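Residue numbers (my numbering): -9 to 128.
Think of the CB as a built atom: it goes at the ideal place given N, C-alpha and C, for glycine as much as any other residue.
All of these numbers come straight from a predicted model, not from anything done at the bench.
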Amino acid sequence: MVELQKYYPQPERKLQDKEWGTEEIIFQNDTLCIHRIKINRGGKSTGGNFHKHRHKFNKFYVESGVLDIYVKSNNKDYYYQIGDDCEYYSVTVFPNNLHRFEAITDCIVYEIYWVTCNLGDIVRFDKNNKMVSFKKDK
-9 MVELQKYYPQ PERKLQDKEW GTEEIIFQND TLCIHRIKIN RGGKSTGGNF HKHRHKFNKF
51 YVESGVLDIY VKSNNKDYYY QIGDDCEYYS VTVFPNNLHR FEAITDCIVY EIYWVTCNLG
111 DIVRFDKNNK MVSFKKDK
(Lines of atoms letter the chains of each structure in order from A and count residues from 1; the text may use other names and numbers.)
(Lines give C-alpha, C1' and ligand atoms only; values in the text may rest on other atoms or scores of the structure.)
Protein backbone atom coordinates (compact mmCIF):
# COMPACT_ATOMS: atom_id res chain seq x y z
CA MET A 1 0.00 0.00 0.00
CA VAL A 2 1.32 3.45 -0.97
CA GLU A 3 1.48 6.03 1.78
CA LEU A 4 -0.15 9.26 0.53
CA GLN A 5 1.91 11.44 2.86
CA LYS A 6 5.05 10.23 1.08
CA TYR A 7 3.86 11.79 -2.17
CA TYR A 8 1.85 14.74 -0.89
CA PRO A 9 3.29 15.88 2.42
CA GLN A 10 0.76 18.01 4.22
CA PRO A 11 1.74 21.31 5.75
CA GLU A 12 2.12 21.57 9.49
CA ARG A 13 -1.07 22.62 11.21
CA LYS A 14 -0.67 26.36 11.39
CA LEU A 15 -3.04 29.28 11.61
CA GLN A 16 -2.19 32.23 9.44
CA ASP A 17 -3.47 35.62 10.55
CA LYS A 18 -5.41 37.59 7.96
CA GLU A 19 -6.91 41.08 8.10
CA TRP A 20 -10.36 39.44 8.42
CA GLY A 21 -9.52 36.54 10.79
CA THR A 22 -7.45 33.36 10.43
CA GLU A 23 -6.78 30.73 7.78
CA GLU A 24 -5.65 27.13 8.13
CA ILE A 25 -4.69 24.86 5.21
CA ILE A 26 -6.47 21.52 5.75
CA PHE A 27 -5.32 19.81 2.55
CA GLN A 28 -3.25 20.78 -0.46
CA ASN A 29 -1.94 19.01 -3.55
CA ASP A 30 -1.36 19.97 -7.19
CA THR A 31 -5.07 20.34 -8.08
CA LEU A 32 -6.97 20.87 -4.81
CA CYS A 33 -6.61 23.05 -1.74
CA ILE A 34 -8.95 23.23 1.26
CA HIS A 35 -8.74 26.08 3.78
CA ARG A 36 -10.68 26.38 7.02
CA ILE A 37 -11.13 30.06 7.61
CA LYS A 38 -12.49 31.96 10.59
CA ILE A 39 -13.83 35.32 9.53
CA ASN A 40 -14.60 37.97 12.11
CA ARG A 41 -17.90 39.82 11.85
CA GLY A 42 -17.41 42.64 9.33
CA GLY A 43 -14.31 40.97 7.87
CA LYS A 44 -13.84 41.57 4.14
CA SER A 45 -11.61 39.81 1.62
CA THR A 46 -8.95 41.95 -0.06
CA GLY A 47 -9.94 44.94 2.08
CA GLY A 48 -13.39 44.96 0.47
CA ASN A 49 -12.00 45.05 -3.07
CA PHE A 50 -12.64 42.45 -5.75
CA HIS A 51 -10.09 39.83 -6.78
CA LYS A 52 -10.07 36.83 -9.12
CA HIS A 53 -8.26 33.55 -9.69
CA ARG A 54 -7.11 32.96 -13.26
CA HIS A 55 -7.36 29.15 -13.17
CA LYS A 56 -8.97 28.10 -9.90
CA PHE A 57 -12.58 27.47 -9.00
CA ASN A 58 -13.34 28.84 -5.52
CA LYS A 59 -16.10 27.26 -3.39
CA PHE A 60 -17.19 28.85 -0.12
CA TYR A 61 -18.92 26.38 2.23
CA VAL A 62 -20.23 27.93 5.45
CA GLU A 63 -20.09 25.72 8.53
CA SER A 64 -21.45 28.45 10.80
CA GLY A 65 -22.34 32.11 10.49
CA VAL A 66 -23.57 34.23 7.60
CA LEU A 67 -21.35 35.30 4.71
CA ASP A 68 -22.12 37.66 1.82
CA ILE A 69 -20.46 36.84 -1.53
CA TYR A 70 -20.33 39.40 -4.35
CA VAL A 71 -19.49 38.20 -7.87
CA LYS A 72 -19.03 40.02 -11.19
CA SER A 73 -19.45 37.73 -14.21
CA ASN A 74 -20.16 38.55 -17.86
CA ASN A 75 -20.86 42.21 -17.02
CA LYS A 76 -23.48 41.22 -14.42
CA ASP A 77 -23.38 41.60 -10.65
CA TYR A 78 -24.43 38.71 -8.40
CA TYR A 79 -25.02 38.66 -4.67
CA TYR A 80 -25.30 35.56 -2.48
CA GLN A 81 -25.93 35.36 1.24
CA ILE A 82 -24.96 31.92 2.49
CA GLY A 83 -24.89 30.17 5.85
CA ASP A 84 -27.08 29.87 8.94
CA ASP A 85 -30.81 30.35 8.25
CA CYS A 86 -30.07 31.20 4.59
CA GLU A 87 -31.48 29.45 1.54
CA TYR A 88 -27.98 28.26 0.59
CA TYR A 89 -24.86 27.26 2.54
CA SER A 90 -22.33 27.34 -0.30
CA VAL A 91 -21.51 29.04 -3.59
CA THR A 92 -18.90 28.33 -6.29
CA VAL A 93 -17.07 31.12 -8.10
CA PHE A 94 -15.68 30.18 -11.52
CA PRO A 95 -12.18 31.13 -12.69
CA ASN A 96 -11.70 34.71 -13.90
CA ASN A 97 -14.83 35.99 -12.13
CA LEU A 98 -14.24 38.95 -9.84
CA HIS A 99 -15.43 38.24 -6.31
CA ARG A 100 -15.19 39.29 -2.68
CA PHE A 101 -16.75 38.34 0.65
CA GLU A 102 -17.98 40.07 3.77
CA ALA A 103 -18.91 38.38 7.05
CA ILE A 104 -22.27 39.43 8.46
CA THR A 105 -21.55 37.42 11.63
CA ASP A 106 -18.50 35.58 12.93
CA CYS A 107 -18.07 32.70 10.45
CA ILE A 108 -16.34 29.38 10.02
CA VAL A 109 -16.00 28.68 6.31
CA TYR A 110 -14.30 26.02 4.21
CA GLU A 111 -12.76 27.61 1.14
CA ILE A 112 -12.09 24.98 -1.49
CA TYR A 113 -9.94 25.68 -4.55
CA TRP A 114 -9.55 23.35 -7.51
CA VAL A 115 -8.64 23.37 -11.17
CA THR A 116 -10.57 21.62 -13.90
CA CYS A 117 -9.37 18.15 -14.66
CA ASN A 118 -9.45 16.85 -18.22
CA LEU A 119 -12.27 14.31 -18.11
CA GLY A 120 -11.19 12.94 -21.47
CA ASP A 121 -7.86 11.66 -20.18
CA ILE A 122 -8.95 8.04 -19.85
CA VAL A 123 -7.19 5.30 -21.80
CA ARG A 124 -9.02 1.95 -21.81
CA PHE A 125 -7.48 -1.53 -22.13
CA ASP A 126 -8.95 -4.96 -22.81
CA LYS A 127 -8.26 -8.08 -20.72
CA ASN A 128 -4.96 -8.60 -22.60
CA ASN A 129 -3.82 -5.07 -21.72
CA LYS A 130 -4.20 -3.92 -25.32
CA MET A 131 -5.35 -0.31 -25.65
CA VAL A 132 -8.91 -0.22 -26.98
CA SER A 133 -9.80 3.47 -26.76
CA PHE A 134 -8.09 6.76 -26.25
CA LYS A 135 -9.44 10.30 -26.17
CA LYS A 136 -7.00 12.94 -27.31
CA ASP A 137 -6.66 15.90 -24.93
CA LYS A 138 -8.57 18.95 -26.08
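Alpha carbons only, please: which of the options is nearest the one belonging to residue i?
i, options, result
"valine 105", "Asn87, Asp20, Gly38", "Asp20"
"tyrosine 100", "Asp7, Phe17, Glu9", "Phe17"
"tyrosine 78", "Tyr51, Thr95, Phe91, Asp96", "Tyr51"
"histidine 45", "Ile29, Ile27, Cys23, Lys8", "Cys23"
"arginine 31", "His41, His43, Glu9", "Glu9"
"asparagine 39", "Arg26, Lys66, Asp7, Leu88", "Leu88"
"isoleucine 98", "Ile29, Gln6, Leu5", "Ile29"
"histidine 43", "Ile27, Glu92, Tyr103", "Tyr103"
"threonine 95", "Val83, Val61, Cys76, Thr82", "Cys76"
"asparagine 65", "Gly110, Asp7, Asn86", "Asn86"
"histidine 25", "Gly33, His41, Lys4, Gly37", "Lys4"
"valine 83", "Ser63, Cys107, Phe115", "Ser63"
"glutamate 92", "Asp7, Gly33, Glu53", "Gly33"
"glycine 37", "Val122, Phe115, Arg114, Arg90", "Arg90"
"glutamate 53", "Ile27, Tyr60, Gly110", "Ile27"
Assign residue i to one of two classes, buried (16 or more other C-beta atoms within 10 Å of its C-beta) or exposed (fewer than that).
i, result
"leucine 57", "buried"
"serine 35", "buried"
"glycine 55", "buried"
"lysine 120", "exposed"
"isoleucine 112", "exposed"
"asparagine 48", "buried"
"valine 81", "buried"
"valine 122", "exposed"
Taking residue i as part of the beta strand (DSSP E), name the residues at either end of that continuous run.
i, result
"cysteine 107", "Taken as a continuous stretch (DSSP letters only), cysteine 107 belongs to no beta strand (DSSP E), as it is neither H nor E."
"aspartate 67", "66 to 73"
"cysteine 23", "22 to 29"
"arginine 3", "Premise fails: arginine 3 is in no beta strand (DSSP E) and is neither H nor E."
"glutamate 13", "11 to 18"
"histidine 89", "88 to 93"
Problem set entry | the region 13 to 26 touching the region 70 to 80, judged by at least three CB pairs closer than 8 Å | no
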